[in-house]
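Each remark here refers to the structure printed beneath this line.
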Amino acid sequence: MNVELAGKYRAQWGEGPIWWKGKLYYVDIEGCTVVEFTPQSGEEKCWHVGERVGSVVPRESGGFVIAGDSGFGFLDAESGEVRAVGDPEPHKHENRFNDGKCSPDGRYFAGTISLAKRKGDAGLYRLDPNLEIERILGGITNSNGLVWTKDGETLFYIDTPRLSVLSFRYEATTGSLFDQREAFSTAGRVPGVPDGMTIDTEGNLWIAFCHGGCVVCFDQSGNELERILLPCREVTAPTFGGKGLEDLYVTTGQPADGVEEDAGRLFVLSGLGVTGNPAHCFGG
38 MNVELAGKYR
48 AQWGEGPIWW
58 KGKLYYVDIE
68 GCTVVEFTPQ
78 SGEEKCWHVG
88 ERVGSVVPRE
98 SGGFVIAGDS
108 GFGFLDAESG
118 EVRAVGDPEP
128 HKHENRFNDG
138 KCSPDGRYFA
148 GTISLAKRKG
158 DAGLYRLDPN
168 LEIERILGGI
178 TNSNGLVWTK
188 DGETLFYIDT
198 PRLSVLSFRY
208 EATTGSLFDQ
218 REAFSTAGRV
228 PGVPDGMTID
238 TEGNLWIAFC
248 HGGCVVCFDQ
258 SGNELERILL
268 PCREVTAPTF
278 GGKGLEDLYV
288 TTGQPADGVE
298 EDAGRLFVLS
308 GLGVTGNPAH
318 CFGG
C-alpha cells in the first residue's frame with residue numbers, strides 16, 4: 038500500500054471528494070473553492086464561489102450543485118457563476134452546509150453544522166430533482182459522512198459529536214429514511230472524531246478521523262479491518278477513484294497551528310486491494 042500526494046493545491050480545509058468521469062472533485066470549505074483534479078495530466082482547475090462551500094456533486098444536465106453558506110446552488114462549469122436554488126436555514130446565521138452526496142436515485146442529501154456548537158441545532162436536508170428541499174433529520178449538530186450501500190437500501194450516516202455511525206433504511210421512491218439505529222460506536226477506539234465516509238464494493242466503510250490523522254476501515258458491525266495513518270492530523274474525507282475505482286483519495290485540512298507541511302493537500306492511497314462503488318449525480 039502506498040500513500041502519495043496528488044496535485045499541488047493546498048486547501049485551507051479540504052472536504053467532500055467525489056470521483057466523476059475520470060476526475061476528482063472536492064471543496065476547500067474555508068477557501069470558498071471547488072477544485073477539479075485530473076490525475077492523468079496532473080491538471081487542476083478551481084472555481085471560487087464566493088462563500089464557504091461544504092460539498093459539490095455533478096448534475097445530470099451538466100455543471101454542478103453545491104451546498105454552502107447560502108444553501109443549495111447551481112455552479113456553471115463554464116462561467117463559474119453560481120445560481121441560488123434555496124436555503125433551508127436562512128435564519129440560522131451560525132450554521133452552514135457541510136458534507137453531502139447524491140443518492141442512487143439522484144437526490145442530493147446535504148447536512149448542516151452548528152459552528153456555535155449548539156447541540157441539535159443543525160439538520161440533514163434533501164434536494165429533489167424538482168428542486169424542492171425537505172428536512173430529513175433534525176437534532177443534528179455536525180452533519181458529516183454519508184453513504185449508501187450498493188443496493189441503495191441502506192444509508193450510513195455520521196453526526197460527528199455522537200462518535201458513532203447511524204444506519205437507516207432508505208426508501209428510494211420517496212427519498213425517506215426509516216428505522217434509525219446506531220450501527221456502531223467509535224468512541225474510545227480511534228483518536229479524533231469521525232468525519233467523511235465512503236464504502237467499498239464489499240460493503241465495508243472507510244472513515245476519515247479528523248484530529249486523528251487516519252482513515253479506518255470498518256465492517257458494517259463496527260469491527261476494525263484496517264487503519265491507515267497519514268502525515269497530518271486533520272484528515273477529513275475519503276472517496277474511491279481511479280480507472281477501476283481502486284485508489285482511495287483523501288482530503289485534509291490545515292491545523293490551527295499550521296505547522297504541518299502537507300496539511301491541506303490531497304492524498305491518494307493505492308494498493309489497498311479493494312475497489313469502490315461509482316458516485317451518483319443529481320437528477321435535476
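Here this note's numbering is used: the sequence shown runs in plain steps of one and ends on residue 321.
The C-beta atom is built at its ideal place from N, Cα and C for all residues, glycine as well.
Using 8 Å as the threshold, is the C-beta distance between V71 and V90 below it?
Yes, the Cβ-Cβ distance between V71 and V90 is below 8 Å.
CB-CB length for V230 against I244, believed under 8 Å:
The pair is not a contact, with the Cβ atoms about 10 Å apart (cut-off 8 Å).
To the nearest angstrom, how far is it from the Cα of R163 to the Cα of E52?
Each residue's alpha carbon lies about 19 Å from the other.
Sort S92, N260, K60, V102 by Cα distance to K82 and report the nearest one.
When only C-alpha atoms are compared, the closest one is K60.
Measuring alpha carbon to alpha carbon, tell me which of W50, T238, E271 ends up nearest L309.
Residue T238 is the option with its Cα nearest to L309.
For my contact list, E67 and W50 are in at a C-beta cut-off of 8 Å; report their separation, rounded to the angstrom.
Between E67 and W50 the beta-carbon gap is near 5 Å, inside 8 Å, which marks them as a contact.
Under the assumption that A159 contacts S140 (Cβ atoms under 8 Å), give the Cβ distance between them as a whole number of angstroms.
The pair is not a contact, with the Cβ atoms about 20 Å apart (cut-off 8 Å).
Would a C-beta distance cut-off of 8 Å place T186 and G259 closer than the cut-off?
Remark: C-beta atoms of T186 and G259 do not approach each other more closely than 8 Å.
Name the residue from K129, Y145, G99, D124 whose alpha carbon lies nearest to the alpha carbon of E115.
If we check each option's Cα against that of E115, G99 comes out closest.
For P292, does the three-state DSSP call read helix, strand or coil?
P292 falls in the coil class under three-state DSSP.
Which value, in whole angstroms, describes the spacing of the CA atoms of N135 and G87?
Between the alpha carbons of N135 and G87 lies a distance of about 16 Å.
List the whole-angstrom C-beta distance separating I150 from V184, where the pair is believed to meet the contact cut-off of C-beta under 8 Å.
Contact between I150 and V184 is absent: CB atoms are separated by about 18 Å, not below the 8 Å threshold.
For the beta strand (DSSP E) holding Y207, just list the boundary residues, first then last.
Its beta strand (DSSP E) spans residues 201–208.
Would you report the Cα separation of C269 and G320, rounded to the nearest angstrom?
Our two residues, C269 and G320, have alpha carbons roughly 36 Å apart in a direct line.
Proximity to L161 [Cα-Cα], best of H130, R120, S213, E283:
Each of H130, R120, S213, E283 was checked against the Cα of L161, and the nearest Cα belongs to S213.
L267 and V119 look like a contact to me (Cβ under 8 Å); what is the Cβ gap, rounded to whole Å?
About 31 Å separates the two Cβ atoms, so there is no contact after all.
Could you pull out every residue in the same chain whose Cβ sits closer than 6 Å to the Cβ of E171, ignoring the five residues on either side in sequence?
So the qualifying residues of the chain are R163.
What does the Cβ neighbour count give for R144, buried or exposed, with the cut at 16 atoms within 10 Å?
Flag for R144 reads buried.
Helix, strand or coil at P198 [DSSP, three-state]
Reduced to three states, the DSSP call for P198 is helix.
Span of the beta strand (DSSP E) holding S180?
Going by DSSP, S180 is part of the beta strand (DSSP E) stretching over 180–185.
May I ask whether a heavy atom of the ligand GDP can be found less than 7 Å away from the beta carbon of G137?
What this structure holds is no ligand at all, so the ligand GDP is not there to describe.
Residue interval of the beta strand (DSSP E) (run including E239)
That residue, E239, is in no beta strand (DSSP E); it is neither H nor E in DSSP.
Using the three-state DSSP reduction, which class does Y63 fall into: helix, strand or coil?
Strand.
In this structure, does DSSP put R47 in helix, strand or coil?
The DSSP-derived three-state label of R47 is coil.
What span of residues does the beta strand (DSSP E) with N132 cover, start to end?
Unbroken beta strand (DSSP E) run through N132: 132–139.
State the start and end residues of the unbroken beta strand (DSSP E) segment that holds D216.
Per DSSP, D216 belongs to the beta strand (DSSP E) from 213–222.
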